[in-house]
Amino acid sequence: MVYGETQKGNPFTRTSQAIITPSYGILQASRSVIKYRMIRPGSSGHFHFKFQHFSGKTTDFQLTFTNPGNIIKATSPLRISRLESRRRKIIRLPYSVPTNVREGTEYRISLVVEGGKVKSTYVHTIIITRFAPTR
């Protein structure tokens, strides 16, 4: 409903039958509620992220990411094809950390998922330490 006033000062009210559907996406680390992860020098594995969108329709997305230290062994951008609204997509990014990386080195991986009217970002911090837990 819209309320207003005409140029002559008369009040008016307008209603519309149009439905407004918000479009947004959620991108987050899938195994942690914190935005950092500690890993050991010389280790390899996968970073797991999950993405879910709420745009009301099936949409194609593109994931771009930064790759500090070249530790991610995938090429940006990655395509996410025909993801239905409200469905989750797990994104696996393989990584490999050289053994000669100095203790305390910090990498910040910035991820952006875009498609349709949705744009979602996430920053994941990786800290290299020999005290990182093992799986």
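Take -3 as the starting number for the sequence shown in my numbering and just add one per residue.
Backbone N, C-alpha and C define an ideal beta-carbon position, used for all residues, glycine too.
None of the values given here were measured: they were computed from a predicted structure.
| said: Can you give me the C-alpha to C-alpha distance between F61 and K69, rounded to a whole angstrom? | reply: Roughly 12 Å separates the two Cα atoms.
| request: Return the residue from the list T2, T55, R33, T54 that minimises the CA-CA distance to T125. | output: Per the C-alpha coordinates, the member of T2, T55, R33, T54 positioned closest to T125 is R33.
| message | Within 7 Å of any Cβ in chain C, is that where the Cβ of R75 sits? | response | Among the chains in the structure shown there is no chain C, since it carries only a single protein chain.
| request: Leaving out five residues on either side along the sequence, give the residues of the same chain with a beta carbon under 8 Å from the beta carbon of E102. | output: Closer than 8 Å at Cβ, skipping near neighbours: T121, I122, I123, I124.
| Anyone know if the C-beta pair for L23 and F47 falls short of 7 Å? | Yes, the pair counts as a contact, with Cβ atoms nearer than the cut-off.
| Does the Cβ of S116 have 16 or more other Cβ atoms within 10 Å, making it buried, or fewer, making it exposed? | Burial of S116 is indicated by the presence of at least 16 other C-beta atoms within 10 angstroms of its C-beta.
| field | Proximity below 7 Å, CB of P90 to CB of H42 | value | Taking a C-beta distance under 7 Å as the contact criterion, P90 and H42 qualify as a contact pair.
| said: I need the straight-line Cα distance from P37 to L107, nearest angstrom please. | reply: Distance between the alpha carbons of P37 and L107 is about 23 Å.
| Is it buried or exposed for G100, if we count other Cβ within 10 angstroms and need 16 for buried? | G100 should be labelled exposed.
| Option nearest T51 by Cα separation, candidates N63, E80, I35 | Reading the sequence as shown, one finds Ser at residue 51 and not Thr. Ranking N63, E80, I35 by Cα distance to S51 puts E80 first.
| task | Measure the alpha-carbon distance for V(-2) versus R78 and round it to whole angstroms. | result | Each residue's Cα considered, the two are about 36 Å apart.
| task | Let me know the secondary structure DSSP gives G38 once reduced to three states. | result | Residue state, collapsed to three classes: coil.
| task | Please go through the same chain and pick out, in chain order, the residues whose beta-carbon is closer than 7 Å to the beta-carbon of I86, but skip the five residues on each side of it. | result | Excluding positions up to five away in sequence, the list reads S26, H44, K46.
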